[in-house]
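Here is the structure we will look at.
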Amino acid sequence: MSNPRCNGFEEDELATKGPGFARQVYSYSMEKTIVPRSNIIGALMSRSLLREPPPLPSELLAELIAIFTGDCFINLKWRQLRFSASPYLNELPFTNSFSSTTSIKGKNFTVSYLVDSLGLSSKLAESISRKVSLQGDRNPDSVLNLLKSHAFTDSQISTIINEYPQVLTLDAEKTLAPKLKLLLSRGASTSELTEIISKVPEILGKKSISIYYDSVKCILEADKTSTNEKLSDSFPQGTSLENKVRNVSVLRGLGMPQKLLLPLLISKSQPICGKDNFDASLKKVIEMGFDPTTSKFVLALRMLYQMSDKTIEEKVEVYKSLGFTVEDIWEIFRSTPTFLKVSKNKMLSSMETFLGLGFSRDEFATMVKRYPPCIEYSTESVIKKTEFLLKKMNWTVKAVALHPQVAGYSLEKRIVPRCNVIKALLSKGLIGSELPPVSSVLSCTDLKFLNKYVMKHDELVPELMAIYTREVDQKSLPQH
Numbered sequence: 114m115s116n117p118r119c120n121g122f123e124e125d126e127l128a129t130k131g132p133g134f135a136r137q138v139y140s141y142s143m144e145k146t147i148v149p150r151s152n153i154i155g156a157l158m159s160r161s162l163l164r165e166p167p168p169l170p171s172e173l174l175a176e177l178i179a180i181f182t183g184d185c186f187i188n189l190k191w192r193q194l195r196f197s198a199s200p201y202l203n204e205l206p207f208t209n210s211f212s213s214t215t216s217i218k219g220k221n222f223t224v225s226y227l228v229d230s231l232g233l234s235s236k237l238a239e240s241i242s243r244k245v246s247l248q249g250d251r252n253p254d255s256v257l258n259l260l261k262s263h264a265f266t267d268s269q270i271s272t273i274i275n276e277y278p279q280v281l282t283l284d285a286e287k288t289l290a291p292k293l294k295l296l297l298s299r300g301a302s303t304s305e306l307t308e309i310i311s312k313v314p315e316i317l318g319k320k321s322i323s324i325y326y327d328s329v330k331c332i333l334e335a336d337k338t339s340t341n342e343k344l345s346d347s348f349p350q351g352t353s354l355e356n357k358v359r360n361v362s363v364l365r366g367l368g369m370p371q372k373l374l375l376p377l378l379i380s381k382s383q384p385i386c387g388k389d390n391f392d393a394s395l396k397k398v399i400e401m402g403f404d405p406t407t408s409k410f411v412l413a414l415r416m417l418y419q420m421s422d423k424t425i426e427e428k429v430e431v432y433k434s435l436g437f438t439v440e441d442i443w444e445i446f447r448s449t450p451t452f453l454k455v456s457k458n459k460m461l462s463s464m465e466t467f468l469g470l471g472f473s474r475d476e477f478a479t480m481v482k483r484y485p486p487c488i489e490y491s492t493e494s495v496i497k498k499t500e501f502l503l504k505k506m507n508w509t510v511k512a513v514a515l516h517p518q519v520a521g522y523s524l525e526k527r528i529v530p531r532c533n534v535i536k537a538l539l540s541k542g543l544i545g546s547e548l549p550p551v552s553s554v555l556s557c558t559d560l561k562f563l564n565k566y567v568m569k570h571d572e573l574v575p576e577l578m579a580i581y582t583r584e585v586d587q588k589s590l591p592q593h
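Heads up: the sequence shown at position 464 corresponds to 577 in my numbering, and the numbers run straight through without jumps.
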């Protein structure tokens, strides 16, 4: 039987909507309603045409699935629509591969294991599977059993797997058990052990686990008592982590939260390893106005820590030569700290690429200010996407320059499918004779795009969905 999580629908969603809604859903036919509808949503998600499933219930879900399953009556908020079985169903490119089952089993053992054994959503399981690959259930089963035997709750175990999935590949008997035994033998209580490891599960992979454990414990206890002295007084002296703890203590005094402090403490991150360089870099970050409660503060600290004053001055001079003022440069840095890590050659190459595509220097500067990552994309990618927007869609250079984030969108999964729908609507005179704004077509979410440009055209929904989901013809794309 299909697992409701396989398409990303959560059990909590059924529970929070009340028993009436749950009875309604569970009264549906598995073969005629639940599986066919889930197949469509699963197919769209597999092609990245939907990033997440629509909520239950959903007007979009109801209309979309009604088209493809032949439901006769679908009640929508103020109206009732009647559909017949869609003649386009067999023509859709994704129906065959999803017609038999929506189960993940057999396709990816790691995803299947995480869904079945831990109850994770398929979306989260797929994300975790990109970090770790499980070859069988024997080792991860041993790890889970070990954690349960040490009183870790299901919620804590899920947190550990989410934050540090590599734990499932560690040897439960030879690696993990001895570490847990060591910590308990040093006086750790069960509740303390489970709390600390759940907070920072990465310490399970450290050789000197007791040192890291004590460091994390000090921070947690200091926060509970709201004292700064606790951290420095109780931390073991004479260890390789002295500078780290000293610097973490400084950051904590600035108001940096645990969620940022603890990863810094256990990582190999340079910004908190030294002393003099740390102090100098921290002073600059504070003077620039970064908020110590945000991850951007940590990123800015890392960038400045890694570069000497001379290197920073050289990068500033390069950007000035491209038409940016000093104020522009530091304003961009405040919004995107990684901006300064881009090499001189990459900066110059990026400018040449955009100028070659018809953008002026002022437009290039505007694009970088609006979306700094645009200078980091490959030349080939920028050219293909920009030429498609300019030559195939006839948007102006100015229109594209106002939305440089499109350079980061997928040509095959986002840009072309959406633009094909727009061209079809234009050819039928359904959205006037002028192109909609770039942001209206490409920057909105999948659901908003479908609602705005597909679902409102009732009789054309099957045709437009077929256009939206068909394979992209590579020959139709700009070739280089």
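Glycine included, C-beta positions come from ideal geometry on N, C-alpha and C.
Contact annotation, I425 with K482: C-beta distance approximately 19 Å; criterion of less than 8 Å not satisfied. A distance of 8 Å or more separates the beta carbons of I270 and Y325. Proximity to D475 across S491, L435 and R583 peaks at L435, based on C-alpha coordinates. Only buried fits E315, as 16 or more other CB atoms lie within 10 angstroms of its CB.
For L260, same chain residues with a beta-carbon under 6 Å away, outside a window of 5 residues either side, are I270 in chain order. Per DSSP, K357 is one residue of the alpha helix (DSSP H) stretching across E355 to G366. CA-CA distance, E305 to G318, rounds to 18 Å. Contact annotation: L296 and S328 have beta-carbon atoms that are not nearer than 8 Å.
In the structure shown, the three-state DSSP call for Q248 is coil. Just so you know, the alpha carbons of G402 and S553 end up roughly 34 Å apart.
Approximately 11 Å separates the beta-carbon atoms of L539 and Y566; this is outside 8 Å, ruling out the contact.
Taken through DSSP and simplified to helix, strand or coil, A301 comes out as coil.
With a 10 Å radius around the Cβ and a threshold of 16 neighbouring Cβ atoms, L367 comes out exposed.
Looking at N356, V224 and L577, the one whose alpha-carbon comes closest to that of D389 is N356. Closest in C-alpha terms to P550, from the list A285, V361 and V519, comes V519.
T266 and L257 have their C-alpha atoms spaced approximately 11 Å apart. Assignment of M578 by DSSP, reduced to helix, strand and coil, places it in the helix class.
Closest option to I580, judged by alpha-carbon separation, among G545, N533 and I544: N533. DSSP places R243 in the coil class of the three-state scheme, outside both helix and strand. Segment contact: the segment 287 to 295 against the segment 246 to 254, fewer than three CB-CB distances shorter than 8 Å; contact not assigned.
Distance from the CA of S456 to the CA of L233, rounded to the nearest whole angstrom, comes to 41 Å. For the options T479, P485, A512 and S523, the alpha carbon positioned closest to that of K497 is the one of S523.
Between I274 and I241, the beta carbon gap of about 7 Å places them in contact (Cβ cut-off 8 Å). Sequence-distant Cβ neighbours of Y277 in its own chain, meaning closer than 8 Å and more than five residues away, are P314, E315, L317 and G318. Contact between L453 and M420 holds: their C-beta atoms lie close to 7 Å from each other, under 8 Å.
Inter-residue distance for L555 and S463 is about 22 Å (C-alpha atoms, whole angstroms).
In the three-state reduction of the DSSP assignment, D327 falls in the helix class, which pools H, G and I.
By the neighbour-count criterion, in which 16 or more other beta carbons inside 10 Å mark a residue as buried, S394 falls on the buried side. With a cutoff of 8 Å on beta-carbon distance, V495 and L503 are scored as not near each other. Burial of D559 is indicated by the presence of at least 16 other C-beta atoms within 10 angstroms of its C-beta. In terms of Cα proximity to K397, the closest of Y432, T223, R447 and T407 is R447. When DSSP states are grouped into helix, strand and coil, F437 belongs to the coil group. Comparing alpha-carbon positions, the option among S262, Y432, K433 and E584 lying closest to R531 turns out to be E584. DSSP, read as helix, strand or coil, puts C386 in coil. When only Cα atoms are considered, F472 and V574 end up about 37 Å apart. Every alpha helix (DSSP H) of 4 residues or more that sits fully in the segment 403 to 439 is shown, in chain order, as 408 to 419 and 422 to 434.
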